[in-house]
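To keep things clear, I will list the structure first and then write my remarks on it.
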Amino acid sequence: MSYHSLSDASAALRDGSVTSRELTDAALDRASKTEAELHAYLTLDHDGARQSADAADAAFAAGRDSGPFQGIPVAIKDNLVTRGIETTAASQILAGYIPPYDGTAVARLKAQGAVITGKTNLDEFAMGSSTENSAFGPTRNPWNTNRVPGGSSGGSAVAVAAGSALVGLGSDTGGSIRQPAALCGVVGMKPTYGLVSRYGLIAFASSLDQIGPITRTVEDSVAALETLAGHDPLDATSYRGDVPDFRVGFDDGVAGLTIGVVRQLSGEGFEAGVEAAFRRTVDLLSEAGARVVEVSLPSLDVSLSAYYLIAPAECSANLARFDGVRYGLRHDGPTVEEMMTATRADGFGPEVIRRILLGTYALSAGYYDAFYGQAQKVRTKVIQDFEAAYEQADVLVSPTAPTTAFEVGSKTQEPLSMYLSDICTIPSNLAGDPAISVPVGLDDAGLPIGFQVMAPALGEAVMFRVARAVERAVAFEQRPPMLEVWS
Amino acid sequence: MNWEPVIGIEVHVELKTASKMFCGCRVDFGSEPNTNVCPVCLALPGALPVPNEQAIEWIVQIGLALNCTISPQSLFHRKNYFYADLPKNYQISQFDIPVCSGGFLDVVLDGETVRVAINRVHQEEDTGKSIHVGGGGRIHSAEATLLDFNRAGVPLVEVVTEPDIHSPAQARAYAQQLRSVIETLGVSDAKLEEGSMRFDANVSIRPQGDQELGAKVEVKNMNSFRSLERALAYEIVRQTELREDGQRIPQETRHWDEEAGITQGMRSKEGSSDYRYFPEPDLVPIVVSDEQRERIRSTLPELPHERRARYVDFGLDSHAAWVLVSGEDGLAGLFEDAVGLGADPKQVAKWLTGETTAYLRREDATIESRALTAAHLVEMTGMLAAGKLSASAAKEVLTGVLDGEGSPGEVATARDLIQMSDGAAIEVEVDAVLDSNPDALEKIRSGDMKPFGFLVGQVMRATSGKADPKVVNEILRNRASQ
């Protein structure tokens with residue numbers, strides 16, 4: 016019952032060879048076999064999923080077709096609010112919180128008749144690169160359960176990789192879709208900032224956050240983005256123009272395109288296996304007719320620092336609303352201030368507190384110019400560097416992450432080392448540009464390696480075109496070996 | 225030493241838009257608690273703000289009316305502080321680039337015009353309301369605090385002056401005349417008692433002639449123009465006494481206690497707070513194009529200073545024009561309507577700015593709550609001109625009309641105040657008095673004017689005071705010269 020992709024399943028639903036209920040039961044069955052080891056989900060909504068599946072089947076029977084997601088099991092990262100389903104952002108401070116509304120991305124999926132299997136695990140408030148910072152326990156990598164799945168959208172990446180959903184929704188602030196997709200051997204994409212509404216995404220860093228899909232194929236990524244993208248009057252930063260056609264030249268290959276290899280994203284800190292797979296893929300693109308050039312993003316060395324000032328600064332304000340007054344956890348105290356302090360001290364985990372403190376300092380009087388102000392200047396420089404690079408190349412490419420999946424617990428005591436996991440992905444968030452990670456092979460330990468394609472703002476079509484060419488050239492067919500055991 | 229007070233005023237104006245600043249919830253102050261709320265104004269996880277375009281249009285109107293420069297692009301910032309009735313624990317406000325900056329308001333006080341420079345006019349959102357239950361309703365002794373978020377997110381415009389005001393009377397005149405501008409624009413209820421217009425003042429004193437500003441004390445909680453003036457007067461005396469005593473004035477926030485008539489230091493740590501302003505990443509810059517600005521400018525109504533100038537053209541003195549435009553609510557409307565119906569502008573203005581204003585202050589009433597209409601004013605000034613009412617009778621008639629006893633004619637008749645101005649009827653009364661006092665007439669004819677007043681008095685008595693004294697005088701003079 017495990018269809019390889021959304022498009023396969025979508026076709027099967029339409030030719031009657033499978034029902035949504037069968038697909039949904041298969042996903043839930045897979046979850047029941049894998050969850051004890053993987054912990055991809057925080058909440059599985061068996062009843063709701065089966066009801067939606069039956070509704071989708073009834074729609075097909077009645078000849079109604081609302082779009083490619085009709086009847087498709089989708090896992091939703093638990094920082095996307097879902098009406099009537101507990102939404103915690105993997106934080107104690109929101110334990111038990113049931114939102115009264117659906118975010119726009121979820122509403123768009125539901126409007127097509129998607130089946131929500133449940134809510135997936137993440138680093139608390141999306142702060143992390145390993146899904147170990149969840150208040151409800153870590154998620155494990157299906158390729159090797161001693162390894163992390165990456166993060167913060169580790170739960171959605173694992174659900175898609177392990178077959179407990181066909182598509183996962185994630186959010187990407189500094190690589191939180193692409194890096195776990197890379198570490199789990201699936202496709203993850205972050206759209207141009209503003210293309211997908213953030214309404215209903217529990218904000219981490221508003222100027223960097225984007226919602227995007229985790230899928231098994233590039234084609235599915237396109238279909239998902241077509242469903243998710245579009246202006247939303249509820250998000251003032253939502254793109255107002257017409258949504259571009261993402262399929263322009265999709266199957267045309269890379270002949271005639273110029274691919275820019277980012278000089279700074281290799282060498283020290285990059286595992287040999289990752290570098291080798293990356294070079295091999297670039298060579299394949301070259302063989303397929305692409306012109307390959309080396310480009311430089313000189314501000315890259317300071318972009319990580321800028322990110323770790325801007326994101327915490329925004330998060331220090333975004334997370335201020337979790338105060339015990341209106342919803343979520345509350346520890347009572349003799350005064351309102353003491354109640355808020357006790358609630359927040361107990362409700363937030365250490366990484367969240369670390370970033371709130373960082374951000375609070377970065378915005379403080381006397382420090383603002385040196386930290387937040389300077390970081391904004393770097394951000395402007397990063398944007399200029401990208402603009403210059405896109406004068407020379409249609410897309411830029413790099414490994415998605417410097418390493419493959421690391422061992423659970425190996426970096427939890429070293430935040431700076433953990434932060435380096437996002438060195439390749441952060442620049443696109445700072446620039447607001449789209450980027451995608453495509454699996455291109457396994458390292459010697461049998462762990463997946465991701466290849467990142469970056470494009471200028473609203474350049475999704477060329478990004479997908481190159482990603483599709485990579486997918487074809489590499490023909491990455493491996494699945495997590497444990498799937499044999501779990502199926 | 226002579227000390228010069230230096231005052232700057234911050235005014236918060238709640239706009240009466242249909243919906244809140246960043247969500248679609250209704251703006252309505254009479255609703256049950258927490259009924260006009262949604263994920264956005266309750267700051268539920270995932271909710272995002274979207275600016276109210278009407279509010280932006282209105283703040284541009286306010287800025288233009290106050291002669292400000294309108295920024296082609298301005299920014300929202302987050303002002304961070306934790307407070308239970310501030311749902312996001314930051315307020316969306318403006319910081320270094322407000323919508324409007326650098327304007328002025330010409331304030332008329334005792335016939336003189338003082339130009340008060342406006343530093344900025346910026347857009348922000350209101351907080352909810354904390355209701356402290358038990359323990360006398362005070363925050364530190366309350367048993368519980370209830371929260372009503374109906375007001376959370378209501379559009380708020382802050383108008384900030386330069387430290388340009390030098391007396392409590394000027395401060396009051398500025399506040400009143402600013403309210404007059406806001407009312408004219410029709411963008412706010414502008415009611416002090418309901419909190420839709422709120423004042424804070426920054427006060428310092430410095431030796432006369434000094435340029436440097438002294439330590440600034442922020443005074444809050446002034447709920448009327450009178451309390452603004454009183455609080456400032458108190459604060460200036462307090463600061464002067466401290467300085468005369470050789471003491472330093474600490475920079476602080478003080479609370480005006482209306483009953484005790486004093487300001488008191490607040491226990492809060494506000495003096496040291498750091499709001500960590502940074503650009504609001506959920507919103508894009510507010511763009512006001514030249515075309516948009518000029519379109520808004522072209523729709524501005526006649527502003528108070530323009531209206532005053534027009535009234536002076538009617539022949540009114542500037543004080544009367546000022547009272548009509550900036551005094552009690554509704555006077556200008558009555559004035560315009562009565563003049564439109566053909567009444568003499570100066571006469572109407574005299575009765576509105578004099579007796580009517582005094583009546584409203586005495587009764588603590590609004591003109592809307594009283595029965596006086598423009599037609600009444602036309603009728604009454606007509607009766608005066610025709611001699612049917614004496615000036616003193618007219619005062620009584622006007623009071624009767626304001627009390628709801630009927631039209632001027634009805635009140636005058638019911639109270640028997642119609643003046644005899646019919647010459648023939650008065651002649652009969654005069655002749656009757658002369659017949660009874662032949663000696664007096666003889667004395668006058670021989671040049672002794674002493675009995676003249678006596679005779680007038682007799683006629684007035686015979687007519688129960690209703691004869692027009694001018695007519696009586698005239699007839700008596702005629703008889704005496706015959």
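Protein chains in written order, with the working numbering: chain H, 16 to 502; chain F, 225 to 706.
A virtual CB, placed ideally from N, CA and C, is assigned to each residue, including glycine.
DSSP places F:G327 in the strand class (E or B) of the three-state scheme. H:P449 is positioned such that its CB atom lies closer than 8 Å to that of H:K205. Per the DSSP secondary-structure output, H:K92 pairs in a beta bridge with H:T135. Flagged as an interface residue toward chain F: H:S379, by a C-beta distance shorter than 8 Å. Sequence-distant partners of H:A110 (beyond 5 residues in either direction) whose C-beta falls short of 7 Å from its own C-beta, in its chain, are T103, L344. An exposed status is given to F:V357, since fewer than 16 other beta-carbon atoms sit within 10 Å of its beta-carbon. Judged by beta-carbon spacing, H:S186 lies beyond the 8 Å limit of H:G364, meaning their Cβ atoms are not closer than that value. In this structure, F:I231 lies near F:A425, with their beta-carbon atoms less than 8 Å apart. For F:K244, the nearest beta carbon of chain H is not closer than 8 Å to its own beta carbon.
Counting every other CB atom within 10 Å of its CB across the protein chains shown gives F:N276 a total of 16 or more, marking it as buried. For H:A41, the closest C-alpha among the options H:A326, H:A68, H:D247, H:I229 is that of H:A68. Measuring C-alpha to C-alpha distances from F:D350 to each of F:S420, F:E653, F:V657, F:E698 identifies F:S420 as the nearest. Between F:E653 and F:A686, the C-beta spacing is below 8 Å.
Between the stretch 364 to 377 of chain F and the stretch 240 to 249 of chain F, the count of Cβ pairs shorter than 8 Å is three or higher; the stretches touch. Per DSSP, reduced to three states, the secondary structure at F:F423 is strand.
The C-beta of H:P206 comes no closer than 8 Å to any C-beta of chain F. The bridge partners DSSP lists for H:H61 come to none. Only R302, N304, F306, A308, P311, K312, N313, Y314 from the stretch 301 to 327 of chain F bring a Cβ to less than 7 Å from some Cβ of chain H.
Using a Cβ-Cβ distance cut-off of 8 Å, the stretch 407 to 424 of chain H and the stretch 182 to 198 of chain H are in contact, since at least three pairs of beta carbons, one from each stretch, lie closer than that value. In chain order, M142, P327, C330 place their CB closer than 6 Å to the CB of H:R370, counting only its own chain and leaving out the 5 sequence neighbours on each side. Counting only runs of at least 4 residues, the stretch 245 to 328 of chain F fully encloses the following alpha helix (DSSP H) elements, listed from N- to C-terminal order: 277 to 289.
Taking 7 Å as the cut-off between beta carbons, the residues of the stretch 495 to 519 of chain F near chain H are D498, R500, F502, P505, D506, L507, V508, in sequence order. Per DSSP, H:M478 lies in no beta strand (DSSP E); the unbroken alpha helix (DSSP H) holding it starts and ends at 475 to 489. In the displayed model, H:K392 falls within a helix according to three-state DSSP.
Contacts with chain F (Cβ-Cβ distance below 7 Å) from the stretch 244 to 265 of chain H involve P248, L249, D250, A251, T252, listed in chain order. By the criterion of at least three beta-carbon pairs nearer than 8 Å, the stretch 562 to 571 of chain F is in contact with the stretch 595 to 606 of chain F. Relative to the Cα of H:A403, the nearest Cα in the group H:V269, H:A218, H:S311, H:A238 belongs to H:S311. Within the stretch 348 to 371 of chain H, V351, E352, M355 place their CB atoms closer than 8 Å to a CB of chain F, listed in sequence order. Collapsing the DSSP output to three states places H:M204 in a strand.
Contact check for H:P228 against H:V173 fails: the beta carbons are separated by 8 Å or more. Runs of the alpha helix (DSSP H) lying entirely within the stretch 424 to 469 of chain F and spanning at least 4 residues, in chain order: 449 to 468. Within a 10 Å sphere around the beta-carbon of H:N148 sit 16 or more other beta-carbons, which makes this residue buried. The Cβ neighbour count for H:T230, taken over all protein chains shown within 10 Å, is at least 16; the residue is labelled buried. H:W158 sits in coil when the DSSP states are folded into three classes, being neither helix nor strand.
When Cβ pairs closer than 8 Å are counted between the two stretches, the stretch 449 to 464 of chain H is seen to touch the stretch 200 to 217 of chain H, the count reaching three or more. H:E234 is classed as buried because its beta carbon has at least 16 other beta carbons within 10 Å across all chains shown.
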